[in-house]
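The structure appears right after this line, and notes come after that.
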Amino acid sequence: MSVSNLLENWSQVRHEHPVNDKPHDPYKWAMAIDLDACTGCNACSVACYAENNIPVVGKERFQHGQQMHWLRVERYWEEDSREFPDQGFQFLPMMCQQCEAAPCETVCPVAATNHTADGLNSQIYNRCIGSRYCSANCPFKVRYFNWYDYPTDEMVWPAEMTQQMNPDVSVRSKGVMEKCTFCVQRLSAAKVVAKGEGRIVREGEVQTACQQSCPTGAISFGNLVNPESRVHKQWAAQQVVLDADKQAKDEKEEGPGLRGYRILEELRAYPSVMYLERVRESAV
Amino acid sequence: MYRFLRLPVLLVGFFMAASSYAASNSQPALTTEDALGPQVVQPIEFPHNRHAGLHDASDPTKGGMEINCQYCHTYARRSAVAGIPPLQKCIGCHQNIESVRNKSRIVELFKYWDAKKAVPWKKVHDLPDFVRFNHERHIKRFIEQQDRPVQEACGYCHGDVKEMTVARRQKPLAMGWCASCHEKDHPVVAEGGTPIAGQAYWYSFQKPAAAQDANTKARGPNDCWQCHK
Ligand code: SF4
Ligand code: SF4
Chain R
7 MSVSNLLENW
17 SQVRHEHPVN
27 DKPHDPYKWA
37 MAIDLDACTG
47 CNACSVACYA
57 ENNIPVVGKE
67 RFQHGQQMHW
77 LRVERYWEED
87 SREFPDQGFQ
97 FLPMMCQQCE
107 AAPCETVCPV
117 AATNHTADGL
127 NSQIYNRCIG
137 SRYCSANCPF
147 KVRYFNWYDY
157 PTDEMVWPAE
167 MTQQMNPDVS
177 VRSKGVMEKC
187 TFCVQRLSAA
197 KVVAKGEGRI
207 VREGEVQTAC
217 QQSCPTGAIS
227 FGNLVNPESR
237 VHKQWAAQQV
247 VLDADKQAKD
257 EKEEGPGLRG
267 YRILEELRAY
277 PSVMYLERVR
287 ESAV
Chain F
496 MYRFLRLPVL
506 LVGFFMAASS
516 YAASNSQPAL
526 TTEDALGPQV
536 VQPIEFPHNR
546 HAGLHDASDP
556 TKGGMEINCQ
566 YCHTYARRSA
576 VAGIPPLQKC
586 IGCHQNIESV
596 RNKSRIVELF
606 KYWDAKKAVP
616 WKKVHDLPDF
626 VRFNHERHIK
636 RFIEQQDRPV
646 QEACGYCHGD
656 VKEMTVARRQ
666 KPLAMGWCAS
676 CHEKDHPVVA
686 EGGTPIAGQA
696 YWYSFQKPAA
706 AQDANTKARG
716 PNDCWQCHK
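Top to bottom, those sequences are chains R and F. Residue 220 in this note's numbering is what sits at position 214 of the first sequence, and the numbering runs on without skipping anything. Residue 692 in this note's numbering is what sits at position 197 of the second sequence, and the numbering runs on without skipping anything.
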């Protein structure tokens, strides 16, 4: 790509707010996570490891902050003056929020992470040069860096375990940044089937690995543009609007008692994951 | 002051000038560029020309059989990979073709058959592991929707296989080469092909405006995740 070509098509590479110049059509992948249903079992995190060839780094490297879990289940203690065994806490599964105006995208020196037409934040491993700038700029801290060449590391994938790796996902090597992809390999597979039949992907045809494995059905995933989808209905019911940095429902004096919210919304990253607040005041 | 900057500034200027010149002639090149891949040694020297080549009316013992590529590579139209035909496919025809039964290659083929072993064919068109290529989509697009001849459509990426004996990679199969086709304006509806009405978004990052007719053009998908995994 020549320089002038790059300059001419700059708007295609960098989007301040992609929805403005390219309305999502026919897909916008989004998620809703019900924190009241989440029991903190970590099944989603394990499923993500299995689906996406994520290296299991071990205790020592984890302590050095070199963990690779694309989906971490965060634990928050409740400050309600009760002591440990009785003290309540809650969980929050945190993965890449697939921001509409992603802070990571604008700082990548080689445009290895950018926005797709489906409203995903893509990460191209073979383009990444490992500057780690994106991770520094991520408000959610959900980007993980390969500090070692895990594929050649006997401790991470012993010989027989390579048999269980997913052929549809690259095995990342040293010096590459990675993160949750909304299981893009499943999305493309579903889209190929749908295109062959001359339609768009129907609700329920595609699941992310974390959604599929969640025993309480806390995670729902789907096409936000499709009014039939569960995700669309949840977002609509909670009056959470994708391209707003402040939800109208929160402006009202007496809140309508809705649970939906997005994390760090005020940073104007416009995340694609909506969380549903826990109902109980304190857990017992 | 800033004398040390002179050369860099000059060089950057040259670079900009050269690149804007390049951009002004920037209709992407046709996908005809050839870059021969390595010669792959196969267990049996399969003659593609004999099977897929054109008939020779004057001498039927020469020339080809004009067999459709998809007769043997059946998976191409319904999956991501074209697949290598199973041995049954070869034997299915060859058990009935007595005239070539004693040729050394066919004798070799039947040895595998009698030993109940698959022929260990080697891969010729090997893409890097971080690339996701889908045969089905390209066949649907060019052969089914645009009604182009099978050998022409396969040949966009595989070269002139009907002239080859053992297949050899003829196209670069590199990203810039793929993009040179994806960046071109292709007709959305072709004569004789299936009209695809409001579904042009499949082929382009940006949906073409308004109604589509035979003159509507669209580009191939160009976001990174379309092909990278
Ligand atoms: S959507 Fe897929 S990649 Fe993202 S956290 Fe869930 S399982 Fe992992
Ligand atoms: S699998 Fe479901 S319940 Fe378990 S931690 Fe993940 S979101 Fe929570």
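Just so you know, even glycine gets a beta-carbon here, dropped at the ideal spot from N, CA and C. Given the structure is predicted, the values throughout are model-derived calculations rather than measurements.
Does the Cβ-Cβ distance between leucine 126(R) and phenylalanine 188(R) come in under 7 Å? Taking C-beta atoms as the reference points, leucine 126(R) and phenylalanine 188(R) count as a pair closer than 7 Å.
Could you tell me the alpha carbon to alpha carbon distance between proline 205(R) and valine 595(F), rounded to whole angstroms? The sequence given here has arginine at residue 205(R), not proline. Their Cα atoms are separated by approximately 48 Å.
Tell me the rounded alpha-carbon separation between histidine 121(R) and glutamate 111(R). Each residue's Cα considered, the two are about 8 Å apart.
Can you name the residues of chain F whose CB is closer than 7 Å to the CB of glycine 291(R)? Because chain R in this structure spans residues 7 to 290, residue 291(R) falls outside the shown range and cannot be described.
Contact criterion: CB-CB distance below 7 Å. Does isoleucine 269(R) meet it with respect to chain F? At a cut-off of 7 Å, the C-beta of isoleucine 269(R) has no neighbouring C-beta in chain F.
Please indicate yes or no: does the CB of phenylalanine 151(R) lie closer than 6 Å to some heavy atom of ligand 1? False, no ligand heavy atom lies under 6 Å from that Cβ.
My output table needs one value for leucine 264(R): the three-state DSSP class, helix, strand or coil. Judged by DSSP in its simplified three-state form, leucine 264(R) adopts coil rather than helix or strand.
Candidates Gln103(R), Val63(R), Cys54(R): closest to lysine 34(R) by CA position: Distances from the alpha-carbon of lysine 34(R) to those of Gln103(R), Val63(R), Cys54(R) put Gln103(R) closest.
Less than 7 Å between the C-beta atoms of valine 128(R) and tryptophan 720(F), yes or no? It should be noted that the sequence gives serine, not valine, for residue 128(R). In this structure, tryptophan 720(F) lies closer than 7 Å to serine 128(R) by Cβ.
For ligand 3, residues whose Cβ lies under 7 Å from any non-hydrogen atom: Among the ligands modelled here, namely ligand 1 and ligand 2, ligand 3 does not occur.
Considering just the uninterrupted stretch of the alpha helix (DSSP H) at tryptophan 616(F), what are its terminal residues? Where tryptophan 616(F) is concerned, there is no enclosing alpha helix (DSSP H), given that its DSSP letter is neither H nor E.
From the DSSP output, read off the bridge partner residues of leucine 282(R). Leucine 282(R) is bridged to Asp40(R), Gly266(R).
Taking 7 Å as the CB-CB limit, is asparagine 132(R) close to chain F? With respect to chain F, the C-beta atom of asparagine 132(R) has a partner C-beta closer than 7 Å.
Are there any heavy atoms of ligand 1 lying less than 6 Å away from the beta-carbon of threonine 187(R), as far as the coordinates show? Indeed, a heavy atom of ligand 1 lies less than 6 Å from the Cβ.
Starting from leucine 98(R) and walking both ways along the beta strand (DSSP E), at which residues does that stretch end? Counting along the chain, the beta strand (DSSP E) containing leucine 98(R) begins and ends at 95 to 100.
Throw me the rounded Cβ distance for the leucine 98(R) and glutamate 85(R) pair, which I believe falls under 8 Å. Contact between leucine 98(R) and glutamate 85(R) does not hold, since the beta-carbon distance rounds to 16 Å and is not under 8 Å.
Alpha carbon to alpha carbon, what distance is there between tryptophan 616(F) and alanine 107(R)? Straight-line spacing of the CA atoms in alanine 107(R) and tryptophan 616(F) works out to 48 Å.
Among Glu211(R), Asp31(R), Arg192(R), Gly136(R), the one whose alpha carbon lies nearest that of aspartate 174(R): From the listed residues Glu211(R), Asp31(R), Arg192(R), Gly136(R), the smallest Cα separation to aspartate 174(R) is found for Arg192(R).
Could you tell me which of Asp249(R), Ala118(R), Arg236(R), Lys252(R) sits nearest to tyrosine 139(R), measuring between CA atoms? Comparing Cα positions, the closest option is Ala118(R).
Return the first residue and the last residue of the beta strand (DSSP E) that threonine 112(R) is part of. Unbroken run through threonine 112(R) is the alpha helix (DSSP H), 109 to 113; no beta strand (DSSP E).
Taking 7 Å as the threshold (beta carbon to beta carbon), is glycine 693(F) in contact with chain R? With a pLDDT of 41 at glycine 693(F), under the threshold of 50, the modelled position of that residue is not reliable, and no figure is offered here.
Please compile the residues from chain F whose C-beta is within a distance smaller than 9 Å of the C-beta of glutamine 191(R). In chain order: Arg627, Lys724.
Other residues of its chain near leucine 77(R): CB distance less than 8 Å, five sequence neighbours each side excluded: Excluding the 5 residues flanking it on each side, leucine 77(R) has same chain C-beta neighbours closer than 8 Å at Cys50, Ser51, Cys54, Pro99, Met100, Met101, Cys186, Cys216, in chain order.
So, are the CB atoms of phenylalanine 151(R) and methionine 183(R) less than 7 Å apart? Contact: yes.
Within 7 Å (strictly less), CB to CB, does valine 198(R) reach chain F? Answer yes: the Cβ-Cβ gap between valine 198(R) and chain F drops below 7 Å somewhere.
Look up proline 542(F) in the DSSP assignment and say whether it is helix, strand or coil. Looking at proline 542(F) - three-state DSSP - the assignment turns out to be coil, as it is neither helix nor strand.
Got a sec: does ligand 1 put a non-hydrogen atom nearer than 6 Å to the Cβ of glutamine 101(R)? It should be pointed out that residue 101(R) corresponds to methionine in this sequence rather than to glutamine. Between ligand 1 and methionine 101(R), a heavy atom-to-CB distance of less than 6 Å is present.
Quick one: is the Cβ of lysine 119(R) within less than 6 Å of any heavy atom of ligand 1? What sits at residue 119(R) in the sequence shown is threonine, not lysine. No, since every heavy atom of ligand 1 falls outside the 6 Å radius drawn around the Cβ of threonine 119(R).
Over what stretch of residues does the beta strand (DSSP E) that includes phenylalanine 605(F) continue unbroken? Here phenylalanine 605(F) belongs to no beta strand (DSSP E); instead the alpha helix (DSSP H) covers 599 to 609.
Give me the chain F residues within the contact set of aspartate 174(R), using Cβ-Cβ distance strictly less than 7 Å, ordered along the chain. Ordered by position in chain F, the residues that pass the 7 Å Cβ test against aspartate 174(R) are Lys724.
Of the choices Gln73(R), Cys220(R), Trp83(R), Pro233(R), whose alpha-carbon is the least far from that of phenylalanine 95(R)? Of Gln73(R), Cys220(R), Trp83(R), Pro233(R), the residue nearest in Cα terms is Trp83(R).
Backbone CA spacing between arginine 236(R) and threonine 214(R) [nearest angstrom]: Taking the straight line joining both Cα atoms gives about 14 Å.
Is the shortest distance between the beta-carbon of cysteine 114(R) and the beta-carbons of chain F less than 7 Å? At least 7 Å separates the CB of cysteine 114(R) from every CB of chain F.
Can you list, in chain order, the residues of its chain whose CB lies under 8 Å from that of leucine 549(F), leaving out five sequence neighbours each side? The beta carbon of leucine 549(F) lies closer than 8 Å to those of Gly558, Gly559, Glu561, Lys657 in the same chain, with the five residues before and after it left out.
So does asparagine 58(R) have its beta carbon nearer than 6 Å to some heavy atom of ligand 1? Result yes, Cβ under 6 Å from ligand 1.
Would you tell me roughly how many angstroms separate the C-alpha atoms of glutamine 593(F) and glutamine 583(F), rounded to the nearest one? Just to set this straight, residue 593(F) is glutamate in the shown sequence, not glutamine. Using only the alpha carbons, I get a separation of about 17 Å.
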